[in-house]
Amino acid sequence: EAAVTQSPRNKVAVTGGKVTLSCNQTNNHNNMYWYRQDTGHGLRLIHYSYGAGSTEKGDIPDGYKASRPSQENFSLILELATPSQTSVYFCASGETGSSYEQYFGPGTRLTVL
Amino acid sequence: GDSVTQKEGLVTLTEGLPVMLNCTYQTIYSNAFLFWYVHYLNESPRLLLKSSTDNKRTEHQGFHATLHKSSSSFHLQKSSAQLSDSALYYCALRHNTNTGKLTFGDGTVLTVKP
Numbered sequence: 001e002a003a004v005t006q007s008p009r010n011k012v013a014v015t016g017g018k019v020t021l022s023c024n025q026t027n028n029h030n031n032m033y034w035y036r037q038d039t040g041h042g043l044r045l046i047h048y049s050y051g052a053g054s055t056e057k058g059d060i061p062d063g064y065k066a067s068r069p070s071q072e073n074f075s076l077i078l079e080l081a082t083p084s085q086t087s088v089y090f091c092a093s094g095e096t097g098s099s100y101e102q103y104f105g106p107g108t109r110l111t112v113l
Numbered sequence: 114g115d116s117v118t119q120k121e122g123l124v125t126l127t128e129g130l131p132v133m134l135n136c137t138y139q140t141i142y143s144n145a146f147l148f149w150y151v152h153y154l155n156e157s158p159r160l161l162l163k164s165s166t167d168n169k170r171t172e173h174q175g176f177h178a179t180l181h182k183s184s185s186s187f188h189l190q191k192s193s194a195q196l197s198d199s200a201l202y203y204c205a206l207r208h209n210t211n212t213g214k215l216t217f218g219d220g221t222v223l224t225v226k227p
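If you read the sequences in order, they're chains A and B. Under this note's numbering, the first residue of the first sequence is numbered 1, with each subsequent residue one higher. Under this note's numbering, the first residue of the second sequence is numbered 114, with each subsequent residue one higher.
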């Protein structure tokens, strides 16, 4: 069974503060993804990675950075958090291949005050 | 670019009635790969079913969908709704690259009432 974990599960941050969301996967998947989930917008891709050391911009990268220091870990960094970044963030991992199924973590609820 | 449309944001049904959640997509590529993900409250989104074969029905956990490339549709159906089917359902389209990137629709919240 795929295993993707995220920390923290809940976070309250202040405007202008730095926030780091962490994701760990034990599936040995090459690809990892960060999404945010907002009502009426579905899951939107922020950043993704092909493997250790790589990060790529997704569809809504502004205000976010990403870091992939190892196969297992993928972080999402908000250098200067804003209230508009209040959302639920999901990390996912996936292997290339015929189906490209993605396995999601439990999500992190971020509130920026 | 690629896009996915789920026209119903909220569907409310009585238990036992049939379910149909609509999904249409746009892509310039002929080898579309479509997915339905289900997100139950307090759980992680997970794959429900997937297909890349035109006009072939795919089934899982009582749900089924058929990819129709002629109409760019991949509607999710179930013959009889159960209370436990209440969840958020996403339709997604795989990009035609080896990145594994998916484009998700906005999602449909299905609420099944007794």
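Just so it is clear, CB atoms sit at the ideal spot from N, CA and C, and this is done for glycine as well.
- A/S75 carries a strand assignment under DSSP once its states are collapsed to helix, strand and coil.
- Excluding the 5 residues flanking it on each side, B/V222 has same chain C-beta neighbours closer than 6 Å at L123 and L201, in chain order.
- Here A/D38 is exposed. Its C-beta has fewer than 16 other C-beta atoms within 10 Å.
- Considering only B/G175, B/E121 and B/T216, the residue with the shortest C-alpha distance to A/D59 is B/T216.
- With its beta carbon less than 8 Å from one in chain A, B/S157 belongs to the interface.
- Against chain B, a Cβ distance below 7 Å from A/P106 picks out S157.
- In the structure shown, B/S185 adopts coil according to DSSP, grouped into three states.
- At a Cβ-Cβ threshold of 8 Å, A/A92 and A/V4 count as neighbours.
- Annotated as distal: A/S87 and A/R9, with beta-carbon spacing of 8 Å or more.
- The residues Q119, in chain order, have a CB closer than 6 Å to that of B/D219 in the same chain once the five nearest residues on each side in sequence are set aside.
- Linking A/N73 to B/S184 through their CA atoms gives a straight-line distance of about 40 Å.
- Secondary structure in the region 135-173 of chain B: the beta strand (DSSP E) runs of 3 residues or longer, each lying completely within the stretch, are 137-139, 147-152, 159-164 and 170-173 in chain order.
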